[in-house]
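Peer 1:
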Amino acid sequence: MQDLLWQIRETDAFTFYIAIAFAAAVFWFIREIVNAPVLAIVSVPFLLLGGILAPIGFRRAMVSLTYDRDTNTAATVAVGVVAALLVIVSVKWLWALLLEHQARRARIEPVAAHSPTRRLPSNR
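Following my numbering, the numbering of the sequence shown begins with 845 at its first residue and continues without gaps.
This is the structure:
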């Protein structure tokens, strides 16, 4: 765990800037196109975390997507942000399925069963 924290601490500024740019683009996409501003705000830390941790994971696994260092950093950050976005979308989808399942199981009684019987006034 301490090794991971030291690797995060030693991450260069370029990685942070690229992660912030990609997270901002996804934030705008969620807020404007999907029309979910709260989800956009909540997802930003997870997108940043995915963007910052992905290059560390790729370096640990000794995987290089390109030969250029800066391009490799941008590509791995993009992979991390997209992976975080997929996790967020899948959690949102599973939550919607759970709520739909709970709503389907709920037994709703008709309103007429609870209302007292009314008598119409007679014209006598």
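From the three backbone atoms N, C-alpha and C, an ideal C-beta is built for every residue, glycine too.
Which same chain residues end up closer than 7 Å to Ala918 when comparing Cβ atoms and leaving out the 5 residues on each side of it in sequence?
Peer 2: Excluding sequence neighbours, Ala918 sits near Ile862.
Peer 1: Within a Cβ cutoff of 7 Å, which residues of the same chain sit near Ile874, ignoring the five residues on either side of it in sequence?
Peer 2: These residues qualify, in order along the chain: Ala880, Leu883, Ala884, Ser887.
Peer 1: So Gly895 packs on Val921, CB below 8 Å; how close in whole Å?
Peer 2: Right, their Cβ atoms sit about 5 Å apart.
Peer 1: Compare the C-alpha of Arg913 against each of Trp939, Arg904, Phe858, Trp850 and name the closest.
Peer 2: Closest by alpha carbon: Phe858.
Peer 1: What ranges does the alpha helix (DSSP H) occupy inside the stretch 852–905, keeping only unbroken runs of at least 4 residues that lie completely in it?
Peer 2: Segments of the alpha helix (DSSP H) lying fully in the stretch 852–905: 857–872, 881–904.
Peer 1: Check whether the Cβ atoms of Leu930 and Val870 sit closer than 7 Å, and answer yes or no.
Peer 2: Not a contact, by the Cβ cut-off of 7 Å.
Peer 1: Do you know offhand how far Leu909's Cα is from Arg903's?
Peer 2: Between Leu909 and Arg903, the C-alpha separation is close to 11 Å.
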